[in-house]
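K.L.:
At position 96 of the sequence shown the residue is numbered 86 (my numbering), and the sequence of numbers has no breaks.
Cβ coordinates follow ideal geometry from the N, Cα and C atoms, glycine included.
The model shown is predicted, which means the values in this text are computed figures rather than measured ones.
Supplied in structure tokens, the structure appears directly below.
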Amino acid sequence: MAMIKGITITLINKKEIGKDPFDNPIYEDVEIEVDNVLISPTDSDEILNQQNLTGRTAVYTLAIPKGDTNIWENQEVRFFGERWRVFGIPLQGIDHLIPLDWNKKVTVERYE
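Here is the structure:
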């Protein structure tokens, strides 16, 4: 299925590298390139639903390719030259029941 092709985005995971003097974890950003991610603006109904449920404004919905094993929940991503934060639980379908190359979707909000 090469008719539709996504873009490469950067997923920013946090890796614990040690502890501070107060025994709190210290994290380092680990950047992971994820190919073939589809990006679509979130529709207005979904924006209103997310605002009512979580108080957050969904801006884009990302379609993640099948076979991706990265952790997406509460992570940061970078695309279009901006930084975004994934919120909510990633929704995933059953691979063999979905005809295209993507089986998971996440929503992102603007992150400063």
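How is residue 87 classed by DSSP in three states: helix, strand or coil?
P.N.:
helix
K.L.:
Within a Cβ cutoff of 6 Å, which residues of the same chain sit near residue 18, ignoring the five residues on either side of it in sequence?
P.N.:
5, 7
K.L.:
Please report the straight-line C-alpha distance between residue 31 and residue 57, rounded to a whole angstrom.
P.N.:
24 Å
K.L.:
Please give the ranges of any beta strand (DSSP E) in the segment 48 to 94, keeping only runs that are unbroken, at least 3 residues long and fully inside the region.
P.N.:
Runs found: 50 to 55, 66 to 69, 72 to 82.
K.L.:
Output needed for residue -9: all residues of its chain with C-beta closer than 6 Å, excluding positions within five of it in sequence on either side, in chain order.
P.N.:
For residue -9, the pLDDT reaches just 48, beneath the cut-off of 50, and the residue's location in the model is therefore unreliable, although a value from the coordinates is still provided. Only 90, 91 meet the Cβ criterion.
K.L.:
Alpha carbon to alpha carbon, how far is residue -4 from residue 25?
P.N.:
Approximately 7 Å between the Cα atoms of the pair.
K.L.:
Where do the ends of the beta strand (DSSP E) carrying residue -2 lie?
P.N.:
It spans -3 to 9 - the beta strand (DSSP E) in which residue -2 sits, taken as one unbroken run.
K.L.:
Between residue 62 and residue 99, is the Cβ-Cβ spacing less than 8 Å?
P.N.:
When the beta-carbon positions are compared, residue 62 and residue 99 stay at least 8 Å from each other.
K.L.:
At the level of alpha carbons, what is the spacing between residue 94 and residue 64?
P.N.:
15 Å
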